[in-house]
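Using our numbering, read the sequence shown as starting at 964 and increasing by one per residue. Comments concern the structure below.
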Amino acid sequence: MDFGQVEAFAQVASTHSFSRAAEALQLTQPSITARIQSLERELGEELFERGSRGVKLTDAGTAFLPYVEHLLQTLQEGRDAVGEVKNVQAGSLRLGSAPTISTYVLPRILNAFCRQYPGVDVVIRTGRSEQVMNMLLADEVQVGLVRSLTNSDVETIDLYEDEIVLAAPPEHAFSAGGRATVSEAAAEPIVLFDRGSSYYGLINNFFRQAGVIPNVAMELDSLEATKRMVEEGLGIALVPLVTIERELEAGTLVRIDLEDAEPIKRPISLIHRRHRKRPRTVQAFIDTMAKIYPNGRG
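Written out as structure tokens, the structure reads:
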């Protein structure tokens, strides 16, 4: 069974005429007849009754028709999908992203996006979440990846939960059991990073709500430097889980569960302008994100 036979069957069923089907498909009537006869031989049933008033479906033809219609509809949807991809193969995507997302999350996302849309030029601007929001409102970027923020002119799609965890070097006393209380953690030398970032406020607020004062050993303006200090045994640190996945796998850092505290989490979101027609590149990026984060909420 080939597509030509199926297409001929659908046209004859629709027009009730071999000659009109031939005209619609720009074929000769004998060609249509040959295709139908070949299909009938393959199925072992006659599909049409020929009469003076034209042709009509037999019971077998009536049973076969819905499957043919579904096949043709699916094929058309496939053609449409390919057309959309072709339309996205050229163009640009201006993307704003918070630093942690740019470094630890965005490469995997862009790997998937650029493989599917290799002709799209991607321009990335990095800034704190509030700065990315301002870039979006100023039309400097088309899409932003930020911690969850609200604005009446912006549509937000939550992607995943950004979890903050306690990291320690393997030789630390906490690492053997992998657990500690908040008070025990606060008494240890703690490395804090980036006083101007939202993480700094989030961590300080965590200790404040627990009623303890952290023993801050040092403050750094770099997350990577913070991780290196912890690896060298200069303290422990509360850091985003996504930033230490490689170190945890390599065994250079150990995750310590805080047994008397709720997990520190906050949503990371995709933002774009509300009430704007989405360029195809933007919609393609949103579709890519939906595949990577299927549980995201918009």
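Cβ coordinates follow ideal geometry from the N, Cα and C atoms, glycine included. Note that this is a predicted model, so its numbers are computed, not measured.
Mind checking whether residue i and residue j have CB atoms under 7 Å apart?
{"i": "Ala1130", "j": "Pro1152", "result": "no"}
{"i": "Pro1133", "j": "Val1193", "result": "no"}
{"i": "Glu1118", "j": "His1235", "result": "yes"}
{"i": "Ala1061", "j": "Ser1092", "result": "yes"}
{"i": "Val1083", "j": "Gly1054", "result": "yes"}
{"i": "Pro1203", "j": "Thr1037", "result": "no"}
{"i": "Leu1028", "j": "Ala976", "result": "yes"}
{"i": "Gln1273", "j": "Arg998", "result": "Residue 1273 lies beyond the stretch modelled for the chain, which goes from 964 to 1261, so this question has no answer here."}
{"i": "Leu1201", "j": "Ile1166", "result": "yes"}
Counting only the same chain and skipping the five closest in sequence on each side, list residues whose C-beta sits under 8 Å from that of residue i.
{"i": "Leu1262", "result": "Because residue 1262 is not part of the residues shown, which for the chain are 964 to 1261, the question remains open."}
{"i": "Gly1196", "result": "Pro1132, Glu1134 and His1135"}
{"i": "Ala1149", "result": "Phe1170, Ala1173, Val1175, Ile1176, Pro1177 and Asn1178"}
{"i": "Leu1002", "result": "Met964, Gln968, Val969, Ala971, Phe972 and Leu1010"}
{"i": "Lys1254", "result": "Ala1075"}
{"i": "Glu1032", "result": "Ala973"}
{"i": "Tyr1163", "result": "Leu1155, Phe1156 and Asp1157"}
{"i": "Ile1207", "result": "Val1128, Ala1130, Lys1190, Leu1216 and Arg1218"}
{"i": "Pro1230", "result": "Arg1110, Ser1111, Asp1121, Leu1122, Tyr1123, Glu1124 and Asp1125"}
{"i": "Ala1188", "result": "Phe1156"}
{"i": "Leu1035", "result": "Val969, Glu970 and Ala973"}
Just to confirm my understanding: we take residue i, look at its own chain, exclude 5 residues before and 5 after, and list those with CB closer than 6 Å. What are they?
{"i": "Gly1059", "result": "Arg1088, Val1095, Met1098, Val1104 and Gly1107"}
{"i": "Ser1138", "result": "Ala1131 and Val1217"}
{"i": "Gln1039", "result": "none"}
With respect to 6 Å, is the separation between the Cβ of residue i and the closest non-hydrogen atom of the ligand SAM below this value?
{"i": "Phe1076", "result": "For the ligand SAM, the structure offers nothing, since it holds no ligand at all."}
Out of the options, which has the shortest C-alpha to C-alpha gap to residue i?
{"i": "Val1205", "options": "Ile1120, Val1086, Tyr1067 and Arg1191", "result": "Tyr1067"}
{"i": "Lys1228", "options": "Phe1169, Ala1213 and Pro1062", "result": "Phe1169"}
{"i": "Arg1237", "options": "Thr1063, Val1045, Ile1072 and Asn1114", "result": "Asn1114"}
{"i": "Gly1017", "options": "Gly1082, Ala984 and Glu1210", "result": "Ala984"}
{"i": "Leu1155", "options": "Arg1191, Ile1072 and Asn1074", "result": "Arg1191"}
{"i": "Ser1185", "options": "Asp1157, Ile1072 and Ile1231", "result": "Asp1157"}
{"i": "Arg1013", "options": "Ala1075, Ile1255 and Ser982", "result": "Ser982"}
{"i": "Gly1198", "options": "Gly1090, Glu1182, Arg1209 and Leu1211", "result": "Glu1182"}
{"i": "Gly1090", "options": "Ser1001, Thr1215 and Ser1161", "result": "Ser1161"}
{"i": "Met1252", "options": "Thr978, Arg1042 and Asn1074", "result": "Asn1074"}
{"i": "Gln1000", "options": "Leu990, Val1031 and Met964", "result": "Met964"}
{"i": "Leu1100", "options": "Arg1243, Arg1239, Gln1246 and Thr1244", "result": "Arg1239"}
{"i": "Gln1246", "options": "Glu1225, Val1109 and Tyr1080", "result": "Tyr1080"}
{"i": "Lys1019", "options": "Leu1034, His979, Arg1243 and Pro1226", "result": "His979"}
Which whole-angstrom value is the C-beta distance of residue i and residue j, which I expect to be below 8 Å?
{"i": "Ile1120", "j": "Ser1232", "result": "6 Å"}
{"i": "Leu1122", "j": "Tyr1256", "result": "4 Å"}
{"i": "Phe1248", "j": "Phe1076", "result": "6 Å"}
Excluding five sequence neighbours on each side, which residues of the same chain lie with their C-beta closer than 7 Å to the C-beta of residue i?
{"i": "Ser1065", "result": "Ile1087 and Thr1089"}
{"i": "Gln992", "result": "Phe981, Ser982 and Ala985"}
{"i": "Pro1226", "result": "Glu1126"}
Closest Cβ-Cβ distance between residue i and chain B: below 7 Å?
{"i": "Gln1079", "result": "Of the protein chains in the structure, only one exists, and it is not chain B."}
Evaluate contact between the segment 1021-1028 and the segment 1001-1010, counting only Cβ atoms and requiring at least three cross-stretch pairs below 8 Å. yes
Decide if the segment 1137-1149 is in contact with the segment 1208-1227; the criterion is three or more beta carbon pairs, one per stretch, under 8 Å apart. yes
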